[in-house]
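In this note's numbering, the protein residues as written are 176 to 359. C-beta atoms are modelled at their ideal positions from N, C-alpha and C, and glycine is treated no differently. To start, the structure itself, in structure tokens.
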């Protein structure tokens with residue numbers, strides 16, 4: 176009898192020897208290092224400047240930043256102290272500056288953050304300065320928008336509002352709500 180008891184334990188250990196490695200194989204495997212999303216940029220630039228020309232060879236946009244960090248995994252470029260200048264067909268100038276910005280490469284959008292300031296220069300009209308905490312510029316549609324409180328100041332008046340949509344080609348701005356205007 177003791178001979179059969181020893182063999183039955185042996186017969187139970189043989190299937191267990193196959194089950195344990197099988198269950199071990201089903202355990203979660205770690206991702207390979209090269210597949211993990213990196214928090215490090217794939218390149219880093221300082222004091223960069225980009226100039227874009229239109230079909231007539233004139234400067235259409237000029238862009239500069241103190242520091243540029245590009246992340247290929249998320250298709251974004253992070254910028255410190257960005258400055259953007261755009262010219263319209265009527266030779267009017269838009270200048271945009273902020274503390275930081277994120278450029279989404281797939282959507283052609285630039286999100287400016289922190290002390291965003293837009294200056295509009297025109298020979299026929301007085302210059303205007305528009306300031307807000309955050310702004311989204313869409314280069315594909317040549318529009319800009321924000322839902323944040325903003326302030327528009329010229330030589331003649333001061334305007335405050337919450338939210339706006341701007342057409343950069345037509346030089347038009349539509350304020351959304353809480354619009355208060357006063358003469359200086």
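(request) Using only alpha-carbon positions, find the residue among 224, 311 and 304 that is nearest to residue 293. (result) 304
(message) What residue range does the beta strand (DSSP E) around residue 355 cover?
(response) 347 to 358
(message) My output table needs one value for residue 254: the three-state DSSP class, helix, strand or coil.
(response) strand
(request) State the DSSP-derived secondary structure class of residue 187, mapped to helix, strand or coil. (result) helix
(request) Compute the Euclidean distance between the alpha carbons of residue 259 and residue 272, then round it to the nearest angstrom. (result) 6 Å
(request) Under 6 Å Cβ to Cβ from residue 320, same chain only, skipping five residues before and after it: list those, please. (result) 311 and 340
(message) Is the beta carbon of residue 267 closer than 8 Å to that of residue 301?
(response) no
(message) Assuming contact is defined by CB atoms lying nearer than 8 Å, are residue 222 and residue 248 in contact in what I supplied?
(response) Taking C-beta atoms as the reference points, residue 222 and residue 248 fail to come closer than 8 Å.
(message) So residue 352 and residue 338 are supposed to be a Cβ contact under 8 Å. How far apart are they, rounded?
(response) 6 Å
(message) For residue 230, tell me which candidate among 250, 243, 264 and 194 has the shortest Cα-Cα distance.
(response) 264
(message) Taking 8 Å as the threshold (C-beta atoms), are residue 284 and residue 313 in contact?
(response) yes
(message) Nearest by alpha-carbon distance to residue 252: which of 275, 233 and 232 is it?
(response) 275
(request) Have a look at residue 336 and residue 262 and give me their C-alpha separation to the nearest angstrom. (result) 26 Å
(message) According to DSSP, simplified to helix, strand and coil, what is residue 192?
(response) Note: residue 192 maps to helix in three-state DSSP.
(request) Look at the alpha carbon of residue 232 and the alpha carbon of residue 359, and state the distance between them as a whole number of angstroms. (result) 41 Å
(message) Taking 8 Å as the threshold (C-beta atoms), are residue 356 and residue 325 in contact?
(response) In this structure, residue 356 does not lie closer than 8 Å to residue 325 by Cβ.
(request) Would you mind reading off the limits of the beta strand (DSSP E) that contains residue 216? (result) Run containing residue 216: none; DSSP gives neither H nor E here.
(request) Could you check the C-alpha separation between residue 246 and residue 328 for me, to the nearest Å? (result) 37 Å
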